[in-house]
Amino acid sequence: VGERLGALPLTLACDPAAPGLAYEPFLTATRSGDGISVFDNGAATGRTEWVREGVISELAYSRAEAAEFGTAFTPSGDNLLLTGGSDASIEEMVSRTERGLLLTCLWYIRLVDPASLLLTGLTRDGVYLVEGGEIVGEVDHNFRFNHSPLDVLRQTTEVGATERTLPREWKDWFTRTAMPPVRVPEFTMSSVSLGR
6 VGERLGALPL TLACDPAAPG LAYEPFLTAT RSGDGISVFD NGAATGRTEW VREGVISELA
66 YSRAEAAEFG TAFTPSGDNL LLTGGSDASI EEMVSRTERG LLLTCLWYIR LVDPASLLLT
126 GLTRDGVYLV EGGEIVGEVD HNFRFNHSPL DVLRQTTEVG ATERTLPREW KDWFTRTAMP
186 PVRVPEFTMS SVSLGR
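Using the working numbering, the first residue of the sequence shown is number 6, and each one after it goes up by one.
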């Protein structure tokens with residue numbers, strides 16, 4: 006908490022009152038698991054800003070974890086919103102790209118290292134080559150990546166307009182998100198994937 010993740014004033018939040026992405030303003034759990042306990046049922050949830058203007062501001066704690074670490078009970082929410090970018094569209098961001106890859110979907114995402122939040126996953130359903138501000142073609146294969154979302158936030162140099170989106174594959178039950186397109190010059194692919 007307190008660590009700056011990047012120069013951009015991005016805010017990552019959960020908000021039960023977010024228009025079109027609302028969820029119940031209290032916790033419900035049918036069983037205890039990662040970060041939630043049946044003893045948390047009925048606890049009020051409000052807006053939680055995990056990252057506020059580029060700085061980590063909150064961590065999720067169940068009641069038991071909060072008691073153990075001497076901090077406030079901070080439940081995770083059922084939506085995720087990333088705001089603080091410009092109003093640029095993907096098309097406008099592409100037009101300002103000299104050379105790069107446009108990734109439209111990441112999937113088969115798995116946690117590699119919980120301490121650093123290192124993830125591995127694959128591109129899917131569209132990897133496009135951008136040259137001179139235009140999409141010039143589809144790349145013939147998909148790629149594997151190994152990257153932490155914290156590093157993505159640290160390395161992001163441009164953020165477009167936030168809009169509703171549907172996450173793929175990782176935590177399929179988590180379908181209420183609003184995310185912007187991001188430019189991440191240091192996002193690297195670790196290998197070519199044989200799948201298409």
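Ideal placement from N, C-alpha and C gives every residue a C-beta, glycine not left out. Remember, it's a predicted structure, so these values are computed and weren't measured experimentally.
Assigned exposure category for residue 12 - 16 Cβ within 10 Å defines buried: For the purposes of this step, residue 12 is taken as residue 7 along the sequence shown, with counting starting at 1. Residue 12 is exposed by the Cβ-count criterion.
Candidates 134, 89, 192 and 166, of which the one nearest residue 59 by Cα: The count along the sequence shown starts at 1 and reaches residue 59 at position 54. Of 134, 89, 192 and 166, the residue nearest in Cα terms is 89.
Status (buried if at least 16 other CB within 10 Å, exposed otherwise) for residue 72: Working through the sequence shown from its first residue, we reach residue 72 at position 67. It is exposed - the Cβ of residue 72 has fewer than 16 other Cβ atoms within 10 Å.
Beta-carbon spacing of residue 126, residue 143 below 8 Å: Within the sequence shown, numbered from 1, the residue matching residue 126 stands at position 121. Within the sequence shown, numbered from 1, the residue matching residue 143 stands at position 138. Not in contact: residue 126 and residue 143 (Cβ atoms no closer than 8 Å).
Residue range of the alpha helix (DSSP H) that includes residue 158: For this step, residue 158 is matched to residue 153 along the sequence shown. Counting along the chain, the alpha helix (DSSP H) containing residue 158 begins and ends at 154-160.
Stretch pair the stretch 38-55 + the stretch 133-147: three plus CB contacts closer than 8 Å: no
Residue 22, buried or exposed, once every other Cβ within 10 Å from all chains shown has been counted against 16: Residue 22 sits at position 17 when you count from the first residue of the sequence shown. Residue 22 should be labelled exposed.
Nearest neighbour of residue 62, chosen from 70, 18 and 39 [CA to CA]: The residue you call residue 62 lines up with position 57 of the sequence shown. For the residues 70, 18 and 39, the minimum Cα distance to residue 62 belongs to 18.
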